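Engineer: Counting the sequence shown from 1 gives a position; our numbering is that position plus 19.
Structure incoming, see below.
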Amino acid sequence: MFRVDTTIPHGNACDISIAVGEQRAEVGFASDPHGGPECLWFCFRLSRDETEAPTGEVRLVLKHPYNMLGGDPAQDMRPVIRYQGGDWTRLEAGTVEGLADGRSRVVWVIEEPLSYVDLAACYPYGVPDVEALIRETEGYWHADTIGVSQGARPLVRLSNNYGTVGDDRPGLYLVARQHAGETPGSWVLDGLLRYIASLGGDAPLVWAVPLANVDGVMGGDYGKDNFPYDLNRAWGTPPMRHEVLAIQRDIQRWKARCHPVLAIDFHAPGACETSGIYCYLPDPSRHPDRCQEALTWSTAIKSMLTERYAAQTFERVANYPSRWETPHFSTYCWTEHGVCGLGLETPYAMVGDLVLTRGHYREAGARAAVGIVKKLRME
Ligand SMILES: [Zn+2]
């Protein structure tokens, strides 16, 4: 009587088990690594046969949280849910159940849907959301296709102005979703772009690729360290992914048409990170000058995020072990263009006790934009 469907946009689930009892049904699922070494993202539709009488409740059982990136403490995971295509809301904290051999699982009890319910690791963000941003900012953002993805999907870049070659207007280049499942980064970018639109002609020149790994976004990949090549490890020259090749050529066009000051790459950290938004800076022991310059931007952003959103340890160096030797987006911006490149990491669910909504993400993005614009105006 219940069916799990992963063919919806961003669909991802595996190891499905369904048991229907007298009072309640139980639906077990896990995050599907989609061929990569890490997993975190999940998204699926649970449908029921409307001709049968409802049983009342559904126990949603997330299996193998201990194998998800940052999957501990699992009670800090707060998936989102929507009934019959309505609006998404967060689930309350789940219950972590220990198993006899030391494994664990997370359980959320939900009301049984009339016909179907969608569940996702976090608020999805895809092509319709980019279209809504363009529509709701009333033509401020212009969308152009700068090339195609590895899977031949259009790769879209938004811009508020093309500039002309030799212009000295300060310029920002922004990317999100190099790691396809990291939707909090998208919502923060969305808020930042909405704020920039409110500035009209006084804004810096901004070019942004909102869905960099569009194949992974549509296909429900998590995308961190995935094969054949993690997008954010493919930034060598020559690049190892076609999307990166297309974005690198676009960065060259952008750089010629503004005074390039800052490039930001929007991400999300491990699944249970709750310390707040934070920033990856160049390693001060290897690149003290870059770190100094990056600090001026990160300080401007942090001062506006305030302790409401910013982690206490806001400036960090990415010194976790990497599976890939090749450069990140931010390294490419520094090395090839002398432009400050930052990575901004936004948690999936909480900052301290604050459970994040889409409104919070957008507010954080707007605050980051205020910090950046304030710094530009002081220069
Ligand atoms: Zn990432």
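Where a beta carbon is used, it is the ideal one built from N, C-alpha and C, also for glycine.
All values reported here derive from a predicted model rather than from experimental measurement.
If the criterion is Cβ atoms closer than 9 Å, does the pair P7 and A287 meet it?
Structural biologist: The displayed coordinates of the chain run from 20 to 398. Any statement about residue 7 would go beyond what the structure contains.
Engineer: When the Cα atoms are used, what is the spatial distance from W316 to V263?
Structural biologist: 24 Å
Engineer: Provide the residue span of the alpha helix (DSSP H) that contains F285, from first to last.
Structural biologist: Segment 278-286 is the beta strand (DSSP E) holding F285; no alpha helix (DSSP H) there.
Engineer: Let's test the definition: count the other Cβ atoms within 10 Å of the Cβ of H161 and tell me whether it reaches 16, buried, or not, exposed.
Structural biologist: Taking every protein chain shown into account, the CB of H161 has fewer than 16 other CB atoms within 10 angstroms, so this residue is exposed.
Engineer: On the premise that I129 lies in contact with V77, defined as a C-beta separation below 8 Å, what is that separation, rounded to the nearest angstrom?
Structural biologist: The Cβ separation is near 5 Å, so the contact holds.
Engineer: What did DSSP end up calling A49 once you bin it into helix, strand or coil?
Structural biologist: strand
Engineer: Taking buried to mean at least 16 other C-beta atoms within 10 Å of its own C-beta, is R154 buried or exposed?
Structural biologist: exposed
Engineer: Would you mind reading off the limits of the beta strand (DSSP E) that contains E364?
Structural biologist: 359-364
Engineer: Quick check: what's the CA-CA separation for H83 versus A93?
Structural biologist: 10 Å
Engineer: Could you check what DSSP says for N31 in three-state terms: helix, strand or coil?
Structural biologist: In this structure, N31 counts as strand in the three-state DSSP scheme.
Engineer: If we define contact as Cβ-Cβ less than 9 Å, is T325 a contact residue for chain D?
Structural biologist: Note that chain D does not occur in the displayed structure, where there is just one protein chain.
Engineer: Return the Cβ separation of R97 and R109 in integer angstroms, given the expectation that the two are a contact with Cβ distance under 8 Å.
Structural biologist: 5 Å
Engineer: So the candidates are I283, E326, V225; which of them puts its Cα closest to the Cα of A14?
Structural biologist: Outside the displayed span of the chain (20 to 398) sits residue 14, for which this structure offers no information.
Engineer: List the endpoints of the continuous beta strand (DSSP E) containing V184.
Structural biologist: From DSSP, V184 is part of no beta strand (DSSP E); its letter is neither H nor E.
Engineer: Suppose you measure from the CA of L281 to the CA of A329; what does that come to, to the nearest Å?
Structural biologist: 19 Å
Engineer: Whose C-alpha, out of G185, G204, T156, is nearest the C-alpha of R272?
Structural biologist: G185
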